[in-house]
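Numbering (the working numbering), first residue to last: 163 to 512. First comes the structure, then the notes that go with it.
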């Protein structure tokens with residue numbers, strides 16, 4: 163089979179690999195749709211260290227091709243969604259409620275980290291009964307694939323932020339994850355949703371997804387504006403969806419005492435993420451910082467698919483480009499360099 167891989171730091175390309183075989187609890191999926199993520203770029207540029215001929219990608223849906231003898235819930239021919247995070251559910255971290263950390267810190271993140279990812283004609287899924295969900299007939303592949311990571315991670319930002327009904331939320335950055343965090347804030351009943359973004363198309367999408375106010379940090383001081391919008395109090399919840407030291411600092415500065423800072427951004431550069439001492443109340447302002455890795459598992463995927471089925475959200479609005487698998491190298495270049503107003507490129511394997 164063909165696979166699109168990281169050949170080394172800063173280098174991608176094609177290789178031929180054998181179609182994987184399942185273990186007794188596993189499944190092999192024939193890929194039909196996939197999405198390219200900014201974290202794929204982080205990986206290629208060395209954020210998690212060198213990798214050689216590692217198949218990239220972690221967001222995909224497909225058709226079950228083969229299953230192991232212990233798999234009970236899925237059969238060849240089933241159309242399935244696979245979470246970007248595929249934990250080992252018998253691991254102690256999973257049993258303690260931290261399945262994304264199974265085996266090691268971030269250990270639930272296997273695709274294009276510790277094993278081959280999904281940018282191939284076929285890919286392997288561990289613990290298939292627990293890590294896949296059947297896609298309802300009314301949901302197209304190009305919509306369902308967003309549940310693998312973007313929708314799961316974005317909604318996690320709102321969930322971890324403990325948004326009170328009618329509360330105030332500031333979401334820094336309206337890339338795909340930030341946009342889905344905006345959806346999450348809306349669905350959780352936020353009374354005022356402030357989206358911080360400078361790109362016009364992303365501003366427009368933020369408003370479509372439920373933002374009430376756009377703050378363009380290139381035109382005004384975002385912290386001062388958010389404090390003004392909240393009568394100087396600050397927001398109940400700030401969501402960091404970029405992975406930047408400066409936006410993380412801003413989240414601390416705009417959050418009221420007793421509020422929540424929910425970090426869902428991938429901090430792929432630098433050694434330190436700083437906390438502003440005074441805004442932190444010299445360590446005593448009762449501001450809670452939460453972090454998380456995209457939740458996985460069949461139950462999570464089924465719930466997200468239900469949101470699509472009930473038309474609570476339409477993630478397809480974020481698809482700005484579509485490429486056949488044969489042109490994924492160009493798609494990666496566009497995403498890597500943020501060309502052509504890209505938000506999310508979809509890869510069609512059919």
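Here a beta-carbon is modelled for each residue, glycine too, at the ideal position from N, C-alpha and C.
If residue i sits next to residue j, beta carbons under 8 Å apart, how far is it from one beta carbon to the other, in whole angstroms?
| i | j | result |
| --- | --- | --- |
| residue 467 | residue 301 | 6 Å |
| residue 401 | residue 323 | 6 Å |
| residue 165 | residue 205 | In fact, because the Cβ distance is near 15 Å, the residues do not count as touching under 8 Å. |
| residue 454 | residue 249 | Not confirmed; about 13 Å, so no contact. |
| residue 332 | residue 416 | 5 Å |
| residue 198 | residue 509 | 7 Å |
| residue 353 | residue 328 | 4 Å |
| residue 368 | residue 280 | At roughly 28 Å, the Cβ-Cβ gap does not stay under 8 Å, so residue 368 and residue 280 are not in contact. |
| residue 474 | residue 485 | Residue 474 to residue 485, Cβ: 28 Å. No contact. |
Comparing alpha-carbon positions, which option in the options lies nearest residue i?
| i | options | result |
| --- | --- | --- |
| residue 262 | 240, 237, 368 and 314 | 314 |
| residue 479 | 350, 365 and 360 | 365 |
| residue 495 | 202, 181, 182 and 217 | 202 |
| residue 451 | 340, 438 and 459 | 438 |
| residue 406 | 393, 418, 427 and 396 | 427 |
| residue 394 | 370, 379, 419 and 375 | 419 |
| residue 251 | 280, 284 and 188 | 188 |
| residue 311 | 431, 222 and 398 | 222 |
| residue 284 | 508, 487, 507 and 492 | 487 |
| residue 433 | 198, 191 and 210 | 210 |
| residue 123 | 404, 408 and 399 | Nothing in the structure corresponds to residue 123, since the chain is present only between 163 and 512. |
| residue 345 | 254, 477 and 501 | 477 |
| residue 471 | 484, 397, 410 and 296 | 296 |
| residue 449 | 414, 430 and 440 | 414 |
| residue 431 | 457, 404, 456 and 441 | 404 |
| residue 507 | 183, 273, 304 and 291 | 304 |
| residue 339 | 182, 184, 370 and 200 | 200 |
Please classify residue i as buried or exposed, where buried requires at least 16 other C-beta atoms within 10 Å of its C-beta.
| i | result |
| --- | --- |
| residue 330 | buried |
| residue 518 | Since the first and last residues shown for the chain are 163 and 512, residue 518 lies out of range. |
| residue 286 | buried |
| residue 446 | exposed |
| residue 462 | buried |
| residue 317 | buried |
| residue 176 | exposed |
| residue 186 | exposed |
| residue 278 | buried |
| residue 231 | exposed |
| residue 258 | exposed |
| residue 238 | exposed |
Would you tell me roughly how many angstroms separate the C-alpha atoms of residue i and residue j, rounded to the nearest one?
| i | j | result |
| --- | --- | --- |
| residue 179 | residue 244 | 21 Å |
| residue 194 | residue 511 | 5 Å |
| residue 391 | residue 377 | 10 Å |
| residue 334 | residue 359 | 7 Å |
| residue 256 | residue 212 | 27 Å |
| residue 173 | residue 207 | 8 Å |
| residue 372 | residue 282 | 35 Å |
| residue 299 | residue 412 | 43 Å |
| residue 482 | residue 219 | 18 Å |
| residue 191 | residue 379 | 43 Å |
| residue 541 | residue 381 | Residue 541 lies beyond the residue range present for the chain, which begins at 163 and ends at 512; the question has no answer from this structure. |
| residue 266 | residue 246 | 17 Å |
| residue 397 | residue 388 | 8 Å |
| residue 171 | residue 383 | 36 Å |
| residue 326 | residue 444 | 25 Å |
| residue 465 | residue 321 | 14 Å |
| residue 362 | residue 502 | 13 Å |
| residue 343 | residue 408 | 19 Å |
| residue 264 | residue 233 | 21 Å |
| residue 489 | residue 386 | 44 Å |
| residue 497 | residue 168 | 15 Å |
| residue 347 | residue 215 | 39 Å |
According to DSSP, is residue i helix, strand or coil?
| i | result |
| --- | --- |
| residue 232 | coil |
| residue 480 | helix |
| residue 330 | strand |
| residue 468 | helix |
| residue 376 | strand |
| residue 417 | strand |
| residue 316 | helix |
| residue 145 | With the chain covering only 163 through 512, there is no way to say anything about residue 145. |
| residue 308 | helix |
| residue 204 | helix |
| residue 133 | The chain is shown only over 163 to 512; residue 133 falls outside these bounds and no answer can be derived. |
| residue 274 | coil |
| residue 398 | strand |
| residue 424 | strand |
| residue 282 | strand |
| residue 163 | coil |
| residue 446 | coil |
| residue 189 | strand |
| residue 243 | strand |
| residue 173 | strand |
| residue 221 | strand |
| residue 487 | helix |
| residue 409 | helix |
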